[in-house]
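Residue numbers (this note's numbering), protein chains in the order written: chain A, 12 to 95; chain B, 4 to 438.
Glycine is no exception: its CB is placed at the ideal position from the N, C-alpha and C atoms.
Model, not experiment: these values are computed from the prediction.
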Amino acid sequence: MNRPEVAADAPARVLHLDWTACAGHGQCAELLPELLRRDELGYPLAVDGGPTRDLPVPPELAAHAERAVSGCPRLALRLINKRA
Amino acid sequence: MTGTLASSAVPLNSLASVRVVPGRVLGAAAPDLDSHVARNGVLPYDLGTGPLVAEVEAAGLTGRGGAAFPTWRKLLAAAQGQRTVVIANAAESEPASAKDATLLASAPHLVLDGLQLAAAAINAQEAYLYAKDGPALVLAQRALAERQARGVDRTRVRVVVAPQQFVAGEETAVLAGIEGRDALPRDKARLVVEFGLRGRPTLVHNAETLAQLALIARHGARWFRGVGTAGEPGTFLATASAPGAGPVVVEVPYGTPLGELLGLAGLAGPVGAVLVGGYHGGWVPANPGLSLPVSRAALAAWDAAPGAGVVFALPPTACGLDAAARILAYLAEQNARQCAPCFTGLPRLASVAASLAAAGHPGNPGRLAPAGQRVLALPDPALPGELSRLSALVSGRGACHHPDGSVRMLRTALGTFAGDVQAHLDGYCLAGRRH
């Protein structure tokens with residue numbers, strides 16, 4: 012599965028996951044199933060199986076991503092502007 | 004023979020066995036300040052930030068700690084900050100590397116010149132030398148004392164001893180170590196040049212990068228680009244070793260064929276494959292590997308890169324799967340126990356890799372055993388698939404690139420030693436049959 016396309020003119024935002032904080036509660040995968048699922052131990056995994064550090068967030072998923080950020084009991088998620 | 008590899012995890016770093024082929028930064032070697040100035044000239048302190056950054060950009064200098072990031076970009080970004088910090092990173096936590104210790108021991112003033120130039124360029128309030136304990140650090144401290152007594156340095160340099168763990172040299176682990184905490188990587192939501200040591204904008208450069216910077220400040224970009232390739236100019240320090248041989252530190256231009264580099268290092272024995280770029284690097288087969296130029300451009304097709312210049316030559320009589328499994332076991336043991344996919348996944352990955360490596364070895368004669376000998380069960384043919392599955396669960400899922408690099412080393416081993424993988428699944432090993 013390919014990653015959702017992000018329009019060139021959209022604000023480039025990524026969902027950043029602090030792996031040192033994540034304890035695998037799994038709320039993020041519940042709240043943002045378009046981008047995240049859980050691995051066999053419950054830790055978040057990009058739906059495409061790719062790197063799970065900085066996931067591009069398409070504009071239409073911004074609200075869901077924000078819910079995932081505020082829903083993380085470990086405060087391990089944040090939305091940041093994409094780095095050049 | 005491959006036992007040397009695993010046991011080399013620490014002794015390779017000892018300076019006593021290092022033989023050096025000099026070049027530019029090593030050619031600038033000088034034991035004391037007077038001979039350093041006589042040989043290399045005085046420190047060109049007053050270039051100014053703009054001209055220095057422009058010269059470094061024109062030179063095309065990239066970080067020599069492994070990531071090859073353009074040095075001028077980091078300098079420029081750090082120079083925008085207030086109350087900045089600069090750190091010379093000579094932790095060199097890669098077990099098969101000896102180049103930073105060698106450089107620090109032979110040309111300490113060149114590294115310290117580079118540190119002062121970087122400090123001046125970003126108007127740093129604090130400067131640190133972060134290096135592992137040993138004879139090189141003693142020599143560097145002697146050089147620092149000499150500079151202090153003579154009033155050479157405008158920014159006082161504090162020395163912090165780096166611990167020996169593999170991840171201790173990673174940029175954010177360096178910050179933690181200097182902050183007095185365990186030297187472990189941290190999350191990178193914010194860039195170190197913006198939010199580094201105790202939250203201050205921080206410039207972390209590898210010791211060799213600073214030495215190259217000190218030469219560029221003296222001789223200019225044009226001189227720097229006189230060797231190397233157009234895309235990857237200049238020289239780099241390589242640490243070459245083989246089971247029972249080396250390490251030898253050589254300085255060569257980027258683009259030097261791998262076989263020539265090994266030859267300069269005196270590693271003339273037959274080669275089956277080479278691990279290029281250290282324990283997070285990539286395995287390339289001797290053919291065509293030995294004729295490949297050592298550059299990011301040429302090695303990319305092999306999923307490898309020069310990295311911090313570590314090359315390990317494996318003879319054809321040694322088992323590459325065994326070597327890779329031993330390295331992976333070391334890397335798994337060295338994880339920082341912070342990020343779940345890494346601390347749960349790497350040990351599992353290492354365990355499966357060890358099973359595959361062991362499958363072809365003397366205790367397991369497999370189906371090729373002479374009649375009358377006990378034939379052990381053949382290994383599970385699903386082992387390679389399990390390695391791929393676990394690799395995908397580890398790579399890209401951690402605060403630092405330890406999981407990614409470890410998976411890369413394994414992935415390239417499975418590609419380069421594909422014939423060995425099949426032999427091991429059939430219960431025997433090719434290594435003893437190649438002469």
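Is DSSP giving Glu-129 (chain B) helix, strand or coil here?
DSSP places Glu-129 (chain B) in strand when its eight states are reduced to three.
With a CB to CB cut of under 6 angstroms and the five nearest residues on each side skipped, what residues in its chain are close to Leu-213 (chain B)?
Closer than 6 angstroms at Cβ, skipping near neighbours: Ala-91, Val-114, Gly-117, Leu-118.
Please tell me whether His-7 (chain A) has its Cβ less than 9 angstroms away from any Cβ of chain B.
Shown here, chain A extends from 12 to 95; a query on residue 7 (chain A) therefore has no answer.
Can you give me the C-alpha to C-alpha distance between Leu-55 (chain B) and Gly-422 (chain B), rounded to a whole angstrom?
Rounded to whole angstroms, Leu-55 (chain B) to Gly-422 (chain B) spans 51 angstroms at the Cα level.
Label Asn-290 (chain B) either buried or exposed according to how many other C-beta atoms from any shown protein chain fall within 10 Å of its C-beta, with 16 as the threshold for buried.
Label assigned to Asn-290 (chain B): exposed.
Between the Cα of Thr-259 (chain B) and those of B:Pro-250, B:Val-274, B:Ser-244, B:Pro-236, spot the shortest distance and give me the residue it belongs to.
Answer by Cα proximity: B:Pro-236.
Going straight from the alpha carbon of Thr-65 (chain B) to that of Thr-242 (chain B), what length do you get?
Distance between the alpha carbons of Thr-65 (chain B) and Thr-242 (chain B) is about 18 angstroms.
Would you list, in chain order, the members of the segment 248–260 of chain B that have their beta-carbon closer than 7 angstroms to a beta-carbon of chain A?
If the cut-off is 7 angstroms between Cβ atoms, the segment 248–260 of chain B has nothing near chain A.
Could you list which residues in chain B have their beta carbon closer than 9 angstroms to that of Arg-64 (chain A), in chain order?
Correct list: Lys-191, Gly-399, Arg-400, Gly-401, Ala-402.
If you follow the beta strand (DSSP E) that Phe-169 (chain B) is in, where does it begin and where does it stop?
Segment: none, Phe-169 (chain B) is in no beta strand (DSSP E) and carries neither H nor E.
Quick one: does Glu-71 (chain A) have its CB under 9 angstroms from some CB of chain B?
Not closer than 9 angstroms to any Cβ of chain B, the Cβ of Glu-71 (chain A) fails to qualify, so no.
Anything in chain A within Cβ reach of Gln-341 (chain B), meaning under 8 angstroms, just list it in chain order.
Within 8 angstroms Cβ-Cβ: Trp-30, Thr-31.
Note down, in chain order, every chain B residue with its Cβ under 7 angstroms from the Cβ of Arg-24 (chain A).
Going along chain B, no residue has its Cβ under 7 angstroms from Arg-24 (chain A), so there is no contact; the nearest lies around 13 angstroms.
Does the CB of Asp-37 (chain B) have a neighbour CB from chain A at under 9 angstroms?
It does not; no Cβ of chain A falls within 9 angstroms.
Give me the DSSP bridge partner(s) of Lys-36 (chain A).
It is worth fixing the name first, because residue 36 (chain A) is His in this sequence and not Lys. Paired residue(s): none; His-36 (chain A) is not in a bridge.
Please give me, in chain order, every unbroken run of the alpha helix (DSSP H) with length at least 4 that falls completely inside the segment 279–342 of chain B.
DSSP runs (the alpha helix (DSSP H)) wholly in the segment 279–342 of chain B: 289–292, 299–302, 323–336.
Should Ser-391 (chain B) be labelled buried (16 or more other beta-carbon atoms within 10 Å of its own) or exposed?
Per the 10 Å Cβ criterion, exposed.
Determine the DSSP secondary structure at Leu-47 (chain A), reduced to helix, strand or coil.
Of the three classes helix, strand and coil, the one that applies to Leu-47 (chain A) here is strand, per DSSP.
Touch check for the segment 213–223 of chain B and the segment 318–333 of chain B: three-plus C-beta pairs under 8 angstroms?
No, the segment 213–223 of chain B is not in contact with the segment 318–333 of chain B.
Check distances from the C-beta atoms of the segment 232–246 of chain B to those of chain A and list, in chain order, the residues that come in under 9 angstroms.
Answer set for the segment 232–246 of chain B: empty.
Checking the sheet assignment: what are the DSSP bridge partners for Arg-24 (chain A)?
According to DSSP, which records beta bridges pairwise, Arg-24 (chain A) is partnered with A:Asn-92.
Given a cut-off of 9 angstroms on the beta-carbon distance, is the pair Leu-413 (chain B) and Leu-331 (chain B) in contact?
Going by C-beta atoms, Leu-413 (chain B) is nearer than 9 angstroms to Leu-331 (chain B).
If the cut-off is 9 angstroms on Cβ atoms, which residues from the segment 384–399 of chain B count as contacting chain A, listed in chain order?
Going along the segment 384–399 of chain B in chain order, one finds Ala-395, Leu-396, Ser-398, Gly-399 with a Cβ nearer than 9 angstroms to chain A.
Quick check: is the beta carbon of Thr-65 (chain B) nearer than 9 angstroms to any beta carbon in chain C?
You won't find chain C in this structure, because its protein chains are A and B.
What first and last residue would you give for the alpha helix (DSSP H) that runs through Pro-55 (chain A)?
Pro-55 (chain A) -> not in any alpha helix (DSSP H); beta strand (DSSP E) instead, spanning 55–57.
Of the residues that make up the segment 35–52 of chain A, which ones have a beta carbon closer than 9 angstroms to any beta carbon in chain B?
Result list: Gly-35, Asp-50, Glu-51, Leu-52.
Using a C-beta to C-beta distance shorter than 8 angstroms, which residues of chain B count as neighbours of Gly-60 (chain A)?
Per Cβ cutoff of 8 angstroms: Ala-395.
Ser-244 (chain B) to Glu-211 (chain B), Cα distance in whole Å?
Rounded to the nearest angstrom, the two C-alpha atoms are 19 angstroms apart.
Taking C-beta to C-beta, are Gly-58 (chain B) and Leu-46 (chain B) nearer than 9 angstroms?
According to the sequence provided, residue 58 (chain B) is Glu. The question's Gly does not apply to it. Result no, Cβ atoms of Glu-58 (chain B) and Leu-46 (chain B) do not sit closer than 9 angstroms.
Report yes or no: do three or more beta-carbon pairs, one from the segment 170–190 of chain B and one from the segment 324–344 of chain B, lie closer than 8 angstroms?
The segment 170–190 of chain B vs the segment 324–344 of chain B: in contact.
When you compare the CB of Leu-56 (chain A) with every CB in chain B, is at least one pair closer than 9 angstroms?
So yes, Leu-56 (chain A) belongs to the interface.
Mind the definition here: the segment 347–365 of chain B touches the segment 307–318 of chain B only if three or more C-beta pairs lie below 8 angstroms; say whether that holds.
Touching, no.
Ignore the nearest five residues each way along the sequence and tell me which others in Leu-393 (chain B)'s own chain have a CB closer than 8 angstroms to its CB.
For Leu-393 (chain B), where only same-chain residues beyond five positions count, the Cβ hits under 8 angstroms are Gly-348, Arg-351, Leu-352, Val-355.
Would Ala-138 (chain B) count as contacting chain A if we go by Cβ distances under 9 angstroms?
Here the sequence assigns Pro to residue 138 (chain B), which means Ala is not the residue at that position. So, not an interface residue.
Please report how far the alpha carbon of Ala-123 (chain B) lies from the alpha carbon of Arg-299 (chain B), in whole angstroms.
Distance between the alpha carbons of Ala-123 (chain B) and Arg-299 (chain B): 31 angstroms.
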